[in-house]
Structures are given as C-alpha cells and as structure tokens.
Amino acid sequence: MNHKYDIDWLVAWMACQRLGMLKGSKIVAKQPHKYIPILGWCFVCTETIFVRRVWESDRQTFLKDLQKILANYPKNHFFNLMLSCEGTRFTEKKRLASMKIAREKGLPELKHHLLPRTKGFTLLIQGTENRIQSLYDITVGFRKTGAKPTLRSILKGRSCQAEMFIRRFPMSEIPTDAEGSSNWIHQLYREKDQIFDYFAQHDTFEGNGLPRTKIPCNYYDLLIELGWIIIIGIPSIIYLFQFLWTSSFFAQLIFVIIICIATIGVRKMIAVTETERGSHYGETSKED
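Following my numbering, the residues of the sequence shown are numbered contiguously, the last one being 293.
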C-alpha cells in the first residue's frame, strides 16, 4: 500500500472492516508506534510486527514475529498482513533523496512514491509461502472535494473522501528469490505511480480501465459497540456523576488531572499521525 497521507492506514482498516477481514489483519509498523497513547495499545494488542528500520536486527524480529503469528493461526483461518514497502510516509524531501538513489541505480524515477524497500518485501514473500494465496496492491487517494485527510478532521466529524485502486496478484506469480522479487516490486511501483498520476489529474481512479465499486457498510461491529455502551457505558456514566457529586474536593481534583492527562494523550496521538510532524527517516540518500 502507498503511504502518502496521514490516515491512509486507517482507510485500509476501514476497507478490511467492511469486508469482514479486520479480525485477521496485521500490520508492520515502526517501533516507536507502540508507545503512542491509545493507538499504540491497539497496535500491540493486534500483534503488530514492530521494526526499528535497522536491517540487521529487523530481519530476526520480522521472521520471529511472523512465524509466531502464523503458528497461532490455523491454516484454514483468514490472515492478512499490511505492508508499506516505501518504509516511511511520502514527503517531497524524501522523494528527492529516494530519486537520487534511483538515478544512481539506473531505475526510473517516480513522481508520487518513494523507491520500495525490497529486502522486507522479499522476506515477507518467503516467510508467508504456502500460507497466503494472494497479494493485494492498494493505492489510496483522497479527493480534493473532501476535508483534509487527517485524524483531526475525522475527530471533528468532517468528511474525507477516499478512493482505493486495488489489484490482486496470485502468490504463484511473484518470484521468491531476492533478485526476482526485487525486480517485481520495482515494476509494481512504477505501475502504481502511473495509477496515482491518473488520480492526481482527474481526482478519481474511475475511468482508469475499471468501473467504480462501492464497498457496503458492515454494521456488525457497530452493533457490538452499541451493545457494550448500553451494558457498560451508560451505567458507568451514571456512577461517575454520582461519584463526582458526592466525592471530596481532592477526589474531584484527581479526576480533573486524569482528564487533562487523557486530553494530552489524545493530542499526542493526533500529532504522531500528522505528516509535517512525522519522522525524518528517508530524507537522506540511504540505499536499501
């Protein structure tokens, strides 16, 4: 999947939820993400593979965690792993550094993506052999007519209009050797760049050889959430108001402090997802 926006990962999760695939979905994320308030806890509890982006240590971590996840899933149970081969979120500064490497290696330059990191992709292909039947290439684009695609916009209730261009490749068609898989993923990203260039010009993927398909909403998870709100949430709110009404000033002060800490945590979570506050990884010309 491309990694160009603050919330493209969230769009992928939403698509998985609508298709009933979210319960078996895993992702690869950088190590600091596990310490993000709220969101980091979700990553840890869903068996995210955390990497430090240092190949010598990441190789062992990736293999160990991937084998652990696959061992816990029966062969007939659904499983998918989301990976952004660019290794970091797209910025123009990172693209310029990445294209410098492309010129040195004699590779075609990309306009909307960074060069894919091939070692991790090859390791994934080799590690999931005979367990995953297909690879889905996802290109996410947010339309200009919607709100700015940020977590802050979503929390404010603003509508962000996203489209996804999805292609399916049988695993049998993807080479498993290092050179073959590297050439394959580079070719894939050249095609992705052309696909996104069409979106950048037309503000839609529609008309690029395929018709628009709308994924219907899946209300199953919503009903579960509403059920737990009725069973636990409403009684908890009633108890909280009773507690605040009858408690001492010191207890009320502690409650206010907890609310302030929670607010800071949410702001921290939002800040981590913002592109301008993201990591500087990839801004220097470092080869994979």
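Even glycine gets a Cβ: it sits at the ideal position worked out from N, Cα and C. Note that the structure is predicted; figures quoted are calculated from it, not measured.
- Query: Three or more C-beta pairs closer than 8 Å, one from the region 106-117 and one from the region 23-35: is that the case here?
  - Reply: no
- Query: According to the Cβ coordinates, are leucine 128 and methionine 6 closer than 9 Å?
  - Reply: Counting from one through the sequence shown, the residue named residue 128 turns up at place 123. Counting from one through the sequence shown, the residue named residue 6 turns up at place 1. Cβ atoms of leucine 128 and methionine 6: not closer than 9 Å.
- Message: Which runs of the beta strand (DSSP E) at least 3 residues long sit entirely within the region 147-199? Give them in chain order.
- Response: 167-175
- Every unbroken beta strand (DSSP E) inside the region 18-77 [3 residues or more]: 30-35 and 54-56
- Express the C-alpha separation of glutamate 184 and threonine 278 in angstroms, rounding to a whole number. Reading the sequence shown from its first residue, position 273 is the one you call residue 278. Reading the sequence shown from its first residue, position 179 is the one you call residue 184. The alpha-carbon atoms of threonine 278 and glutamate 184 are separated by roughly 34 Å.
- Message: Please state whether the Cβ-Cβ distance between proline 121 and glutamate 97 is less than 9 Å.
- Response: Residue mapping note: residue 121 aligns to position 116 of the sequence shown, counting from 1. Residue mapping note: residue 97 aligns to position 92 of the sequence shown, counting from 1. The answer is no: Cβ separation not under 9 Å.
- Coarse secondary structure for leucine 129, derived from DSSP in three states: Numbered from its first residue, the sequence shown carries residue 129 at position 124. Leucine 129: helix per DSSP, three-state reduction.
- Message: With the cut-off set at 9 Å, would you say isoleucine 137 and phenylalanine 204 are in Cβ contact?
- Response: Position 132 of the sequence shown, counted from the start, is the residue given in the question as residue 137. Position 199 of the sequence shown, counted from the start, is the residue given in the question as residue 204. Going by C-beta atoms, isoleucine 137 is not nearer than 9 Å to phenylalanine 204.
- Task: Counting only the same chain and skipping the five closest in sequence on each side, list residues whose C-beta sits under 6 Å from that of leucine 75.
- Result: Here the question's residue 75 lines up with position 70 in the sequence shown. Excluding residues within five positions, the ones whose Cβ falls inside 6 Å are Arg136.
- Answer with buried or exposed for glycine 146, where buried requires no fewer than 16 other C-beta atoms within 10 angstroms of its C-beta. Taking the first residue of the sequence shown as position 1, residue 146 is located at position 141. Label assigned to glycine 146: buried.
- Length-filtered (4 minimum) alpha helix (DSSP H) runs lying within the region 210-269: 225-233 and 239-251
- Rounded to the nearest angstrom, how far is the Cβ of isoleucine 43 from that of valine 271, given a contact under 8 Å? For the purposes of this step, residue 43 is identified with residue 38 of the sequence shown, where counting begins at 1. For the purposes of this step, residue 271 is identified with residue 266 of the sequence shown, where counting begins at 1. Yes, they are in contact, since the Cβ atoms of isoleucine 43 and valine 271 sit about 7 Å apart, within 8 Å.
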